[in-house]
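Asker: Have a look at this one.
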Amino acid sequence: MTTVVEDADLASKPVRARSGGLWRYILVRFVMIIPTVFILVTVVFFMMRLTGDPITAALGGRLTPDQLAERIHEAGYDRPIIVQYLDYLTGVFRGDFGTTLTDHQKVTTILLQYGSATLELAFYALIVAFVLGIPFGLIAAYKRDRWQDAILRIGAILGYATPIFFIAILLKLVFAVQFNILPVSGRAGTRTELMLQSLDHPTGIYLIDAFRTGNMDAVVDVLWHAVLPGLALGILTAGVFLRLVRTNVIGTLGAQYVTSARSRGVGEYRLVTKHAYRPALIPIITLMGLQIALLLAGAVLTETSFEWKGLGFMLAEYLKARDFVAVQGIVIMIAVVVAVVNFIVDVIAVLIDPRVRY
Amino acid sequence: MSVNQDPTPTGVFDPTETGVLPAALGAPKRPLSDRIPVISHLKHSVGWQRGMLVTGLVLTGLFVLVAILAPWIAPYGYAQRTTDAGADFGTLQPPSAQNLLGTTVSGFDVLSRTIWGAQTALLVIVFAIVFSIFIGIFIGLVSGYIGGWLDRILVVIADAIYAFPSLLLAIVMAIVISHGQSTLWGGILAAAISITVVFVPQYFRIVRSEVVRVKAEPFVESAKVIGVPTLRILTRHVLRNSTRSVPVVVTLNASEAVLTLAGLGFLGFGIEATAAAEWGYDLSRSVSDVTSHIWWTAIPPGVAIVLVVLGITLVGESLNDLSDPRLRRRRRAAVAAAEQADAADADPVGTEPLGVEVSRAIGDAAAKGTER
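Note that the protein sequences, when read in sequence, are chains Z and U.
53 is the number of the first residue of the first sequence in this note's numbering; add one for each residue after it.
17 is the number of the first residue of the second sequence in this note's numbering; add one for each residue after it.
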């Protein structure tokens, strides 16, 4: 998103009213994260409790009723629901999301351990999305309603219409099975995995860890494993970006200052990439913030399809094991991430364009 | 947030001015074909846009037809493992005359399950949309009209839910409703309700923003002055003028419903294989087949999802474009005459431009709609 920061074309825009306004806005916007997270924690907590306690859900049928009652009592699930809720809420604000039922791990540990893998996947997907989505979106807007536009738009819609796991299956079928050039699943080969695990203080982001081993084969191996998952998740996002860029650039391309720039002899390329694209960035960035939610939800399906051991993969595993404490923790964690990302996106939007203020 | 979404500086079409002529003012009624959403859109579309809309309508129509006629089209039942004569299909058999698209790991006929899957998908879409339209419009209407703290709280809650990955929300709901395992109707209702929870905030947002605008209109105030009961004002004057953008969101949501259902099924939260055929579930079972060169279990349900979502999305996208004056292609007659003139955007096309707020809400819904 470096292009975003460059767009400090403030000279042509109204001068900022008060310099204090910016900080005030950022502060207010930051404080607004709290009610959002609070509401989500509340909604998720009460919904999950509506149908009973997590212990019966996870272990019911495997234990006798007496053992079950004992476990429920130990974990405190026989207390009034409001007490449990307040307990959980204080825990969340202290950074404690509970302990999983099936393997007795702190949810926070799981989040730290597997979060980095999801982060890495999201990063690859974003690269794919930017590389495909933005240039093609500009072309589609410029060639609006011609055949180029039609093809690109249909491509974007196809990218969106195809469920991620089906893209994953198709990619696997072609590249991993038919041509056998890319790995079917996983984040790295067995040898590389072992090498990475022997590092002190691994970051969990395999690409960085692979570079730290200094072994080029490991780096290549990690990158090869990332191609298909990155593409699967990236294609979906690219389609969305393409549409966003197209819609907004069509809006700015019709603006009078673009016509006047054209009459002054500004080249068409520059016209599209500078004059039309940059002012269109603000709505694009704001909506891209929403796509983070999409990316994280998509990551659940991508990781499951490629056995990419990140948060999404673990979420699916815990779902299967019916460990709802873990599910609740991961879901709430993702909610927090989404809220924080939306905050950052809003701040970026303000930094680019001072007219966007509350 | 979106500065450049304001109308062009020429002010040729200021949606707040052109978009608010309510039928209640006694304007002459437009012909029936202009008042039915999809048909009026079709009439006013040209070029690629019409092509996209027609393709979408054909695909969607085909889907509905297959779903309804599934019992007659499908060669076998969705949970049938033997021919009617009693001969076993066998598992993972390649396509043959007996099983046109082969059989699955559980020995079901792939073609039959793909066809029956349309029925499941259609049922879920219909239930999800009917539920969310009623709930969303009701809450939006009441919240927008009454205003005050109730409105503010509802907006904050809707925004919080709205920003949340919808698939995860649907998963949570699926756990709540059925603890993740279900029979045919249980499963369909669970999936539909899970999706409803995701959609309600979207209808809430668009309806509420319209209601807030409409309730300040003179015709609402005059209705109040002459003592029309609140309920009647709400249904007759406000509701009727606040639901223009709902059809667009419905189509966008319908495609999302298919994807969410498939996503739930893929993660194992769908409907049991013996209770109904569900594409997402079938795909999840086929992931491991792929590595052994078995394509026939994955491709048919996958392609079915793609075609259905593609069809509905094409309809939705076209409606969205046609309702948004900034994206609407000018009618052919006007194009030649007014290619340079921006005034052509104000071309009298049947649908009135939507308010900026609403276009934005739809745009957001469109962006949001692509989430699984």
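Each residue gets a CB set at the ideal place from its N, CA and C atoms; glycine is no exception.
(1) Any beta-carbon of chain U closer than 9 Å to the one on isoleucine 386 of chain Z?
(2) Give a yes or no on whether the C-beta atoms belonging to proline 281 of chain Z and glutamate 369 of chain Z are separated by under 9 Å.
(3) Go to asparagine 300 of chain Z, then tell me how far its alpha helix (DSSP H) extends in each direction, as first and last residue.
(4) Looking at the unbroken alpha helix (DSSP H) that takes in lysine 372 of chain Z, where does it start and where does it end?
(5) Any beta carbon of chain U sitting closer than 9 Å to that of threonine 161 of chain Z?
(6) My assumption, with CB atoms under 8 Å, is that isoleucine 219 of chain Z sits in contact with alanine 169 of chain Z. Please give the rounded CB distance.
(7) Any idea what DSSP makes of aspartate 125 of chain U, helix, strand or coil?
(8) If you compare alpha carbons, which of Z:Ser250, Z:Thr255, Z:Arg239 is closest to serine 357 of chain Z?
(9) Given a limit of 8 Å on CB to CB distance, which residues of the segment 252 to 278 of chain U reach chain Z?
(10) What residue range is occupied by the uninterrupted alpha helix (DSSP H) comprising leucine 163 of chain Z?
(11) Does the distance from the CB of serine 128 of chain U to the CB of tyrosine 92 of chain U come in under 9 Å?
(12) Which bits of chain U does proline 235 of chain Z rub up against, with CB to CB less than 7 Å?
(13) Taking only beta-carbon atoms, is threonine 26 of chain U less than 9 Å away from chain Z?
(14) Excluding sequence positions up to five away, which residues of its chain have a Cβ less than 8 Å from the Cβ of valine 236 of chain U?
(15) Determine the chain U residues that contact serine 357 of chain Z at a beta-carbon separation under 7 Å, and present them in chain order.
(16) For leucine 283 of chain U, return the contacting residues in chain Z, with the cut-off set at a CB-CB distance below 8 Å.
(17) Determine the closest residue to valine 266 of chain U out of U:Val74, U:Gln218, U:Ile287, U:Phe180, with distance taken between C-alpha atoms.
(18) On the DSSP bridge assignment, give the partners of leucine 275 of chain U in chain order.
(19) Let me check understanding here. Comparing Cα to Cα, which of U:Pro234, U:Ala207, U:Val262, U:Ile187 lies closest to valine 13 of chain U?
(20) Flag this pair as touching only if the segment 176 to 185 of chain Z and the segment 150 to 161 of chain Z have three or more C-beta atom pairs under 8 Å; answer yes or no.
(21) For leucine 348 of chain Z, tell me which candidate among Z:Ile78, Z:Glu172, Z:Arg101 has the shortest Cα-Cα distance.
(22) Could you run through the segment 130 to 161 of chain Z and flag, in chain order, every residue whose CB is less than 8 Å away from some CB of chain U?
(23) Nearest-angstrom Cα distance between threonine 325 of chain Z and threonine 119 of chain U?
(24) Just to confirm my understanding: we take aspartate 59 of chain Z, look at its own chain, exclude 5 residues before and 5 after, and list those with CB closer than 7 Å. What are they?
(25) Does the beta carbon of threonine 338 of chain Z fall short of 8 Å from some heavy atom of the ligand ZN?
(26) Run down chain Z in chain order and give the residues with a C-beta less than 7 Å from the C-beta of isoleucine 155 of chain U.
(27) Answer with yes or no whether the minimum CB distance from isoleucine 209 of chain Z to chain U is below 9 Å.
(28) Helix, strand or coil: how does DSSP classify proline 283 of chain U here?
(29) Give the interface partners of phenylalanine 217 of chain Z over in chain B, defined as CB-CB distance under 7 Å, in chain order.
(30) Between threonine 265 of chain Z and aspartate 175 of chain U, is the Cβ-Cβ spacing less than 9 Å?
(31) What's the call for serine 210 of chain U, buried or exposed, on a 16-neighbour Cβ count within 10 Å?
(32) State the Cα-Cα distance for the pair isoleucine 400 of chain Z and glycine 73 of chain Z, rounded to the nearest angstrom.
(33) Are the C-beta of arginine 205 of chain Z and some C-beta of chain U separated by less than 9 Å?
(34) Run through chain Z and tell me which residues come within less than 9 Å of alanine 293 of chain U, C-beta to C-beta.
(35) Buried or exposed: alanine 314 of chain U, going by 16 or more other Cβ atoms within 10 Å of its Cβ?
(36) Decide if threonine 246 of chain U is buried, meaning its Cβ has at least 16 other Cβ atoms within 10 Å, or exposed.
Answerer: The short version:
(1) yes
(2) no
(3) 268 to 305
(4) 363 to 373
(5) no
(6) Rounded, the Cβ-Cβ distance is 19 Å, inconsistent with contact.
(7) strand
(8) Z:Arg239
(9) Ser271, Leu275, Ala278
(10) 159 to 194
(11) yes
(12) Neighbours of proline 235 of chain Z on chain U: none; closest Cβ ~11 Å, over 7 Å.
(13) In this prediction, threonine 26 of chain U scores a pLDDT of 39, lower than 50, which makes its location untrustworthy; no coordinate-derived value is stated.
(14) Val230, Ile249, His253, Val254
(15) Val303
(16) Val352, Leu353, Thr356, Ala368, Leu371
(17) U:Gln218
(18) DSSP lists no partner for leucine 275 of chain U.
(19) In the structure as shown, chain U begins at 17 and stops at 388. Residue 13 of chain U is therefore absent and cannot be evaluated.
(20) no
(21) Z:Glu172
(22) none
(23) 52 Å
(24) Note that aspartate 59 of chain Z has pLDDT 37, beneath the 50 cutoff, so the model's placement of it is unreliable and the number below is only indicative. Counting only Cβ-Cβ distances below 7 Å, and skipping sequence neighbours, we find Arg330, Leu333, Ile404.
(25) Among the components modelled here there is no ligand, and therefore nothing to report on the ligand ZN.
(26) Those do not exist, as isoleucine 155 of chain U stays about 15 Å from chain Z at its closest Cβ, beyond 7 Å.
(27) yes
(28) For the sequence presented, residue 283 of chain U should be read as leucine rather than proline. Correct three-state label for leucine 283 of chain U: coil.
(29) Absent from the structure is chain B; the protein chains it does hold are Z and U.
(30) no
(31) buried
(32) 15 Å
(33) yes
(34) By Cβ distance, chain Z contributes nothing, its closest Cβ being about 16 Å from alanine 293 of chain U, past 9 Å.
(35) buried
(36) exposed
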